[in-house]
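To start, the structure itself, in structure tokens.
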Ligand code: PA5
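In my numbering, the protein residues as written are 2 to 447.
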């Protein structure tokens, strides 16, 4: 299973300082289970893995197959928590050079509605011209501007190509059970739709159809993803002692470091496939903890690449950073470095070694160097990149996030600050109902 190693944090917070948060971590975990903490109307994710039954998966897989049968490309529309989970798992489970392989077993998945770039959108619409297409539109509120614009465009494209009747087979919605424009629209158009439970917030929704439907359509083994999460649900349950509960320990360690002035956490990995796991993690922790003037700032690096860009700062910049490394124990493929008769590059000392051994020694060397440079290190070893361990990792991070937010003293399940930009944008775009804001903002910009 996934483990946690906090033996290299002493440069920032001692084992005793971390252990002093044991009780707080246990209490926080208890609150997630009793539902007596802040934001308790958004705790549906806590028991979610256990609720994804074979019947639930069968319905998702059937809808995914329906789309995969008719489309070479599936456009997944969503933003934030309605995007990052699927993108993260998809990237983790996909050959890095899949686009160079001519044989494909599953449709291409592309994402839209995760930005408002005209260039991106036009390029996507152009690229889709050579393929048969379908779309999964995901929005819990059903009112988010970015995905709503992208869906308007995709709906028009699909209806123009295939007609309104056929479009119904090529569009699936994932949204609230009763509210929002997307719900009304999908009801009136007769689209197949899946429900995002009321009590599951966007950034905790990867194990609902929000994540599972696009992933199933991409041919990912979602049953294994869920099985990994189910095992981690058990391994981090309320009755699991702190000493065995890696979510509680991770939450305690990062709060102990925060209390000692380590305000930035860098999630690092040596596997490029995990880059979007870090993006998902950044949203999870940033949106859950960054409020009331508090919270660890979540950042990420992919190594060894970023040692050649961010390495200098991490080694010698302001000492407010700590690093959490997702350390993949076994690579998915083998490459051995060969001897060269001329040895002009001087690398024959590596001859016969697996590339992974070099990667692992780089990782070890970096940890030692960073710890020597005053950067506390947390390590999360995972046996290998597969659906099972990724599912376990996602749930572990979710559980630790809930615990950590409660230790910090915030409501980890709201995101009031996200509304500020929307209000300004709507005012600037003269959305009906925003007349007063419009006037105020225009006066301010004069
Ligand atoms: O985590 C969250 O709640 C947010 O990031 C939302 O997922 C994001 O804003 C998209 O919202 P919606 O699914 O309502 O379109």
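Note that the Cβ used here is the ideal one computed from N, Cα and C, for glycine as well.
None of these values were measured; they are calculated from a predicted model.
Using three-state DSSP, classify residue 378 as helix, strand or coil. Of the three classes helix, strand and coil, the one that applies to residue 378 here is strand, per DSSP.
State the Cα-Cα distance for the pair residue 22 and residue 324, rounded to the nearest angstrom. Residue 22 and residue 324 have their C-alpha atoms roughly 19 Å apart.
Is it a yes or a no for the region 35-42 touching the region 270-279, going by three-plus beta-carbon pairs under 8 Å? They do not touch, by the three-pair rule.
Just mark residue 102 as buried or exposed, buried being the case when its beta carbon has 16 or more other beta carbons within 10 Å. By the neighbour-count rule (16 or more Cβ atoms within 10 Å), residue 102 is not buried but exposed.
For residue 268, tell me which candidate among 344, 126, 343 and 368 has the shortest Cα-Cα distance. Out of 344, 126, 343 and 368, the CA that lies nearest to the CA of residue 268 is found in 368.
Are there any heavy atoms of the ligand PA5 lying less than 7 Å away from the beta-carbon of residue 283, as far as the coordinates show? no
Could you tell me which residues DSSP pairs with residue 448 in its beta bridges? With the chain represented from 2 up to 447, any question about residue 448 goes unanswered, as that position is not in the structure.
From the DSSP secondary-structure annotation, give me the bridge partner or partners of residue 269. 302 and 326
Inter-residue Cα distance where the pair is residue 159 and residue 221: Looking at the two C-alpha atoms, the distance is approximately 25 Å.
Helix, strand or coil for residue 433, going by three-state DSSP, please let me know. coil
Let's see if you can read the secondary structure: which residues bound the alpha helix (DSSP H) around residue 386? In the DSSP assignment, residue 386 falls outside any alpha helix (DSSP H) and carries neither an H nor an E.
Which value, in whole angstroms, describes the spacing of the CA atoms of residue 249 and residue 32? When rounded, the separation of the alpha-carbon atoms in residue 249 and residue 32 is 12 Å.
Would you say the beta carbon of residue 142 is closer than 7 Å to some non-hydrogen atom of the ligand PA5? yes
Own chain partners of residue 444 with C-beta closer than 7 Å, once the 5 adjacent residues on each side are dropped: none
Would you list the residues sitting across from residue 195 in a DSSP beta bridge? Note: residue 195 sits in a beta bridge opposite 175.
Within the region 88-134, note down every full beta strand (DSSP E) run reaching 3 residues or more, in order along the chain. Scanning the region 88-134 from its first residue to its last, the whole beta strand (DSSP E) runs of 3-plus residues come out as 109-113.
Using the Cα positions of residue 309 and residue 356, report the straight-line distance between them to the nearest angstrom. 19 Å
Is the distance from the Cβ of residue 402 to the Cβ of residue 243 below 8 Å? It is not a contact, given that the beta carbons lie outside the stated cut-off.
Among 210, 110, 151 and 315, which has the Cα closest to the Cα of residue 120? 151
Quick check: what's the CA-CA separation for residue 381 versus residue 363? 16 Å
Taking the CB atoms as reference points, tell me whether residue 201 and residue 45 lie closer together than 8 Å. yes
DSSP beta-bridge partners of residue 6: According to DSSP, which records beta bridges pairwise, residue 6 is partnered with 380.
Could you tell me whether any Cβ in chain D is nearer than 8 Å to the Cβ of residue 397? No chain D appears in the structure shown, which is made up of a single protein chain.
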